[in-house]
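Asks:
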Amino acid sequence: MTDKTPMPLWEVFIRARSGLPHKHCGSVHAPDATMAVQAARDVYTRRGESVSIWVVPSAAIIASDPNEKDQLFEPTSTKAYRHPTFYDIPDEVGHM
Amino acid sequence: MSAELTAYSISLADDALVLGHRLSQWSSLGPTLEEDIALSNLALDLIGQARLFYTLAGQIEGKDRTEDDFAYFRDAGDFRNVLLVELPNSDFAHAMVRQLVYAAFAHPYLDALSRSSHSGLAEIAAKAVKEIAYHVRHSAEWVIRLGDGTDESRRRTIAALDALWPYVDELFEMDAGERSLVAAGIAPDRAAIRPVWDRTIDNVLREATLERPSQVAVARTGGRSGRHTSDLAAMLADMQVLARAHPGVTW
Amino acid sequence: MYTQALNAKDASAGTRPEDTARLAVFQSTVDAEDKIEPNDWMPDGYRKTLIRQISQHAHSEVIGMQPEGNWITRAPSLRRKAALLAKIQDEAGHGLYLYAAAETLGVSRDELYEQLLSGKAKYSSIFNYPTPTWADIGIIGWLVDGAAIMNQIPLCRCSYGPYARAMIRVCKEESFHQRQGYEIMLTLCRGTPEQKAMAQDALNRWWWPVLMMFGPSDKDSMHSADSTRWKIKRFSNDDLRQKFVDATVPQGQFLGLTFPDPDLRLDEESGHWHYGEIDWSEFKRVVAGDGPMNKQRMAHRRQTEADGAWVREAAMAHAEKRRQRAAAARIAAE
Ligand SMILES: [Fe+2]
Ligand SMILES: [Fe+2]
Ligand SMILES: [Fe+2]
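Here you go:
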């Protein structure tokens, strides 16, 4: 390409319906934030998929290290007491 | 009044169809994939608007003419679109300046039409005005970037402004039929739209560090009375070729 | 399929000894039908195969806009025009999603474009055939998109997360493409004798090239066992082709069309449609670049790339100006 600087990549998050969280749906290339929102609108909301868009420069995403998966996420699997089913409540008490 | 109303609805449809057709010719030619998709969105909005205005025209006319009868079985001389929309595509600056010039007019115009005393027109306009609002925004952002981008993009944007400027006045022209619709509270007064158009254009040009063309070229008009450039005839010859080769069939 | 040129064995698929442990983790993740994500360790061969496959797929979507694009301006009704434009727009989107998936593997869209334009990367042979009549639009939707769907549905379960997610999105959008095409065929076949002849002529021209979309026969395919082990490819070329023929022949019969294959017959025992010998020399010729439209397709794409360069440069220059102005304003304010 003759272009000197490549267009930055943006991650796109859309809110499908009012009340729902924004969810990652893909990415677009755009020169700046304003055009990234427009590109996201044109690319990812052509079938009424969205009521709100976020765009984030892909380079700004900080991700956890997959190699640390074990130390980050494994320990919680043994903490059953965080889940309601861990506790025995007699049926007579009703829904709790 | 029904003849004037039919003609009016057809002219609104013709503007939308011809510009939509020009935009559709950008498919697979956009400067980025993202923009390719955006250009098709603009085209689809306009083609959709054209279909609604043609269908309404057919209903008002009462002769069972369909959207396709209007689009495919009239000659260039029967089309009532402004010349601005029929000019052949050139570069992307031309496309975005044309879109801005048109949408900066169509947005306030459709907004006014959405309050028309004619409910059919008002309904279509209410839907279309939301679409066109985005056309203004999208084309304005591009004109700003191209005007205040590189030397080349600036040169191309100025060239597009110079080339398209003579076609602006026609957007505000009204014939006797349309004036009677204005008097009846059906059609908006185009003259009243001009100050809004001026403001939108001047704001965008200022941000784009551009100015209005200084050379006052002679206004080019005639589209509303069917006097078109040969480019429209060429465009229609292509667009209508298949439909006319097999008249009366279903596709 | 869209990645049918993926038949060269990757010579550099060796692994370093220190990777053995990580390779075991990788393979067990794949075996467990878990997804591999961009930051996870993966063998070089896996990464390379994915980049090649995803980018070929992306190129096919983008080049595939052209044959149908040939009829946008001439679509015979406004309804068809809008549908066709929206359909081709979807294909641009598919290309975009797929390029984005490839980018997660560390290659930029610009690099991938360069590979396409230099001829290093391939795209599906099917898009090198011309579209002289309106019936070709019906055929492409019905058969080309139909064949693509056969291939793409299993890819929704591919082991690489971003590719699988892109394919899910693609498949959702594809659902109208085939119906759009079949509806065109149905209308032509129920229309005038001329329209019906147009439909038959299109089927005659496209049937064999469409069967070639699935790639070489399994006995000649060098499709590495790797792709299967890595759960990138789940069905063999011939399996998918057979599935497609079985699904398509009754649809064609419903249209009242004749397939241009004298050997086509239902095998009562297996329940499969037996089809005749495919002319693989034509396939090889078209993949190698000597199809009826290869040159036009590439020239068109090259033109688009060249014409857009100044726009992209301008947009980037403007963004840089804004950054500088904002910085200057900040300094002035301090
Ligand atoms: Fe496709
Ligand atoms: Fe596709
Ligand atoms: Fe498709």
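Protein chains in written order, with our numbering: chain L, 111 to 206; chain C, -14 to 236; chain B, 1415 to 1748.
Glycine residues also receive a C-beta, built at the ideal position from the N, C-alpha and C atoms.
If you follow the alpha helix (DSSP H) that R1461 (chain B) is part of, which residue opens it and which one closes it?
Replies: The continuous alpha helix (DSSP H) containing R1461 (chain B) extends over residues 1458 to 1477.
Asks: If the cut is a Cβ gap below 7 Å, which residues of chain C does H139 (chain L) touch?
Replies: T17, E19
Asks: With DSSP run on the structure shown, which of helix, strand or coil describes H1688 (chain B)?
Replies: H1688 (chain B): strand per DSSP, three-state reduction.
Asks: Determine, for S1522 (chain B), whether the minimum Cβ-Cβ distance to residues of chain C falls below 8 Å.
Replies: When Cβ-Cβ separations below 8 Å define contact, S1522 (chain B) makes no contact with chain C.
Asks: Output the distance between the C-alpha atoms of T51 (chain C) and A35 (chain C), rounded to the nearest integer angstrom.
Replies: 12 Å
Asks: Once you ignore the five residues that flank A110 (chain C) on each side, which residues in its own chain have a CB closer than 6 Å to its CB?
Replies: L95, L98, S99
Asks: Please check the pair V153 (chain C) and E71 (chain C), which I expect to be a contact at CB under 8 Å, by giving their CB distance rounded to whole angstroms.
Replies: Not confirmed; about 15 Å, so no contact.
Asks: Tell me, please, whether the CB atom of A143 (chain L) is closer than 8 Å to any CB atom in chain C?
Replies: no
Asks: Spell out whether any CB of chain L is found under 8 Å from the CB atom of I22 (chain C).
Replies: yes
Asks: Tell me, please, which residues DSSP counts as bridged to V165 (chain L).
Replies: V165 (chain L) pairs with L:V122.
Asks: With 7 Å as the limit, tell me which residues of the segment 117 to 129 of chain C have their beta carbon closer than that to any beta carbon of chain L; keep them in chain order.
Replies: For the segment 117 to 129 of chain C, the residues whose beta carbon sits under 7 Å from a beta carbon of chain L are, in order, H123, E126.
Asks: Pairs of beta-carbons, one from the segment 1497 to 1508 of chain B and one from the segment 20 to 30 of chain C, closer than 8 Å: are there three or more?
Replies: yes
Asks: Going by DSSP, which residues form a beta bridge with L1680 (chain B)?
Replies: Partner(s): B:W1687.
Asks: H123 (chain C): beta carbon under 7 Å from a heavy atom of ligand 3?
Replies: no
Asks: Can you name, in chain order, every residue of its own chain whose Cβ lies under 6 Å from the Cβ of D1550 (chain B), other than the five neighbours on each side?
Replies: Sequence-distant partners of D1550 (chain B) (beyond 5 residues in either direction) whose C-beta falls short of 6 Å from its own C-beta, in its chain, are A1616.
Asks: At a threshold of 7 Å, does A1562 (chain B) count as lining ligand 2 (C-beta to nearest heavy atom)?
Replies: yes
Asks: Measure the CB-CB distance between F1697 (chain B) and M1626 (chain B) and report whether it falls below 8 Å.
Replies: For the pair F1697 (chain B) and M1626 (chain B), the CB atoms are nearer than the 8 Å cut-off.
Asks: According to the Cβ coordinates, are P1623 (chain B) and S1539 (chain B) closer than 8 Å?
Replies: Annotated as proximal: P1623 (chain B) and S1539 (chain B), with beta-carbon spacing under 8 Å.
Asks: Can you tell me whether H1732 (chain B) is helix, strand or coil according to DSSP?
Replies: In this structure, H1732 (chain B) counts as helix in the three-state DSSP scheme.
Asks: In angstroms with no decimal places, state the Cα-to-Cα distance between R1399 (chain B) and A1535 (chain B).
Replies: Outside the shown range of chain B, which is 1415 to 1748, sits residue 1399 (chain B), and nothing can be said about it.
Asks: Might you give, ordered along the chain, the residues of its own chain that have their beta carbon closer than 6 Å to the beta carbon of D147 (chain C), omitting 5 neighbours on each side?
Replies: P198
Asks: Can you tell me which of B:A1500, B:S1573, B:M1730 puts its alpha carbon nearest to the alpha carbon of E1588 (chain B)?
Replies: B:A1500
Asks: Let me see if you follow: with CB-CB separation under 8 Å, is H1508 (chain B) close to chain L or not?
Replies: no
Asks: Return no unless some Cβ of chain B is closer than 8 Å to the Cβ of I143 (chain C).
Replies: no
Asks: Hey, is E1597 (chain B) close to ligand 3, as in C-beta under 7 Å from one of its heavy atoms?
Replies: no
Asks: What is the DSSP secondary structure of E134 (chain L), reduced to helix, strand or coil?
Replies: The amino acid at residue 134 (chain L) is misidentified as Glu; the sequence shows His. Here H134 (chain L) sits in strand by DSSP.
Asks: Determine the direct distance from the alpha carbon of E155 (chain C) to that of L1492 (chain B), and round the result to whole angstroms.
Replies: Each residue's Cα considered, the two are about 26 Å apart.
Asks: Kindly indicate which residue of B:E1748, B:A1741, B:A1746, B:A1731 has the alpha-carbon position closest to the one of D142 (chain L).
Replies: B:A1731
Asks: Round the Cβ separation of I1450 (chain B) and M1479 (chain B) to the nearest angstrom and send it over; I've been treating them as touching at under 8 Å.
Replies: With a contact defined as Cβ atoms closer than 8 Å, I1450 (chain B) and M1479 (chain B) miss out at about 30 Å.
Asks: Would you report the Cα separation of I1646 (chain B) and C1572 (chain B), rounded to the nearest angstrom?
Replies: Their Cα atoms are separated by approximately 5 Å.
Asks: Secondary structure at K1486 (chain B), three-state DSSP: helix, strand or coil?
Replies: Per the sequence shown, residue 1486 (chain B) should be read as Ile rather than Lys. Three-state result, I1486 (chain B): coil.
Asks: If you run the structure through DSSP and keep just helix, strand and coil, what is Y152 (chain C)?
Replies: helix
Asks: Which residue or residues does DSSP assign as beta-bridge partners of H139 (chain L)?
Replies: Secondary-structure assignment with DSSP links H139 (chain L) through a beta bridge to L:L119.
Asks: Work out the CA separation of E196 (chain C) and I1745 (chain B) for me, nearest whole Å.
Replies: 29 Å
Asks: Do D1559 (chain B) and ligand 3 come close, with the Cβ less than 7 Å from some heavy atom?
Replies: In this structure, D1559 (chain B) has its beta carbon less than 7 Å from a heavy atom of ligand 3.
Asks: Tell me the residue span of the alpha helix (DSSP H) that contains K1534 (chain B).
Replies: Counting along the chain, K1534 (chain B) falls outside any alpha helix (DSSP H), and DSSP gives it neither H nor E.
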